[in-house]
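Undergrad: Residue numbers (full-length UniProt numbering): 1 to 242.
Quick one: the structure is below, questions incoming.
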């Protein structure tokens with residue numbers, strides 16, 4: 001049997017990229033974030049089988065800088081909800097390009113419009129820049145849901161994975177706190193600047209979907225306060241005795 005490289009079946013390019021990542025030394029995100037970004041963009045450009053979901057680019061101005069978004073419209077819209085998606089990546093990697101396959105699949109499987117947010121990343125834009133982008137866009141869509149085809153702010157659902165799940169949770173909590181302050185404010189108090197001028201209410205997000213969100217700083221199975229991390233926090237990738 002011919003075992004020469006030319007006789008071996010080709011490896012899927014996506015699988016090859018993932019295997020190359022696993023074979024690399026443990027990534028230090030403080031130093032290697034640019035390399036991770038390049039790999040993510042490369043993987044996002046690989047062709048995927050199956051129907052694709054069309055998307056359009058939207059740019060929103062926030063305090064003098066643009067927030068870029070991609071709006072994915074399913075070929076068959078089965079629900080009126082709009083999923084406002086904040087991507088993961090440890091607040092330093094990921095963007096709307098690298099998450100386009102995931103968001104297209106999300107729109108296709110759920111039948112919902114998906115809005116992917118290209119919030120600013122560290123270290124170029126330290127905290128709270130990314131959070132401020134997510135807050136600004138959420139407030140905007142809650143007060144003007146028609147911008148993304150929603151007929152009510154109740155149709156806006158915050159979604160995020162990993163660091164994006166953290167952002168979705170923080171945005172929800174902050175909007176809730178703002179609504180509470182606005183409700184208890186006296187006649188002479190100024191309302192939050194993002195309050196809806198048509199009804200005097202501060203917009204809030206009623207629903208959120210958090211996918212393995214970052215909710216605590218300690219991920220060490222030896223010291224984490226969460227039982228799930230202590231029991232299942234070890235690596236499940238194939239390893240060698242070395």
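Just so it is clear, CB atoms sit at the ideal spot from N, CA and C, and this is done for glycine as well.
Please say whether residue 129 and residue 172 have beta carbons closer to each other than 8 Å?
TA: Going by C-beta atoms, residue 172 is not nearer than 8 Å to residue 129.
Undergrad: Measuring CA to CA, which of 178, 69, 84, 103 is closest to residue 248?
TA: A question about residue 248 goes unanswered here, because the residues of the chain that appear run from 1 up to 242.
Undergrad: Can you tell me which of the three DSSP states residue 80 falls into?
TA: Residue state, collapsed to three classes: coil.
Undergrad: Does the segment 211-224 come close enough to the segment 162-169 to have 3 or more Cβ pairs within less than 8 Å?
TA: Yes, since at least three Cβ pairs between the segment 211-224 and the segment 162-169 fall closer than 8 Å, the two stretches touch.
Undergrad: Using CA coordinates, which residue listed in 39, 230, 133 is at the minimum distance from residue 84?
TA: For the residues 39, 230, 133, the minimum Cα distance to residue 84 belongs to 133.
Undergrad: Note the first and the last residue of the continuous beta strand (DSSP E) segment covering residue 208.
TA: Counting along the chain, the beta strand (DSSP E) containing residue 208 begins and ends at 207-211.
Undergrad: Which residue from 234, 92, 75 puts its Cα closest to that of residue 114?
TA: That would be 75, whose Cα lies nearest to the Cα of residue 114.
Undergrad: Note down, in chain order, each residue of its chain lying with its Cβ closer than 7 Å to the Cβ of residue 228, except the 5 sequence neighbours on either side.
TA: Once the five neighbours on either side are set aside, residue 228 has no close Cβ partner at all.
Undergrad: Look at the Cβ atom of residue 122, then the Cβ atom of residue 91, and state whether they are nearer than 8 Å.
TA: For residue 122 and residue 91, yes; Cβs fall inside 8 Å.
Undergrad: Give the straight-line distance between the Cα atoms of residue 233 and residue 88, rounded to the nearest whole angstrom.
TA: One C-alpha to the other measures close to 19 Å.
Undergrad: I'd like the list of long-range same chain contacts for residue 79, defined as Cβ closer than 6 Å, with 5 residues on each side in sequence excluded.
TA: Answer for residue 79: 111, 112, listed in chain order.
Undergrad: Mind checking who residue 144 pairs with in its DSSP beta bridge?
TA: DSSP, once it has assigned bridges, lists no residue as partnering residue 144.
Undergrad: Does residue 162 come out as helix, strand or coil in the three-state DSSP assignment?
TA: Residue state, collapsed to three classes: coil.
Undergrad: Given a threshold of 16 other Cβ atoms within 10 Å of its Cβ, counted over all protein chains shown, does residue 100 qualify as buried or as exposed?
TA: Its Cβ being crowded by 16 or more others within 10 Å, residue 100 is buried.
Undergrad: Please name the residue, chosen from 39, 32, 61, 67, that lies closest to residue 98 on a Cα-to-Cα basis.
TA: Among 39, 32, 61, 67, the Cα nearest to that of residue 98 is on 39.
Undergrad: CB residue 60 to CB residue 86, shorter than 8 Å?
TA: No, Cβ-Cβ distance for residue 60 and residue 86 is not below 8 Å.
Undergrad: When you compare only the Cα positions, how much space is there between residue 231 and residue 15?
TA: Roughly 29 Å separates the two Cα atoms.
Undergrad: State the DSSP-derived secondary structure class of residue 101, mapped to helix, strand or coil.
TA: Three-state result, residue 101: helix.
Undergrad: CB-CB under 6 Å to residue 13, same chain, minus the five flanking residues each way: which ones, in chain order?
TA: Only 46 meet the Cβ criterion.
Undergrad: Under 8 Å between the Cβ atoms of residue 82 and residue 149?
TA: Result yes, Cβ atoms of residue 82 and residue 149 sit closer than 8 Å.
Undergrad: To the nearest angstrom, how far is it from the Cα of residue 159 to the Cα of residue 107?
TA: Approximately 12 Å, taken between the alpha carbons.
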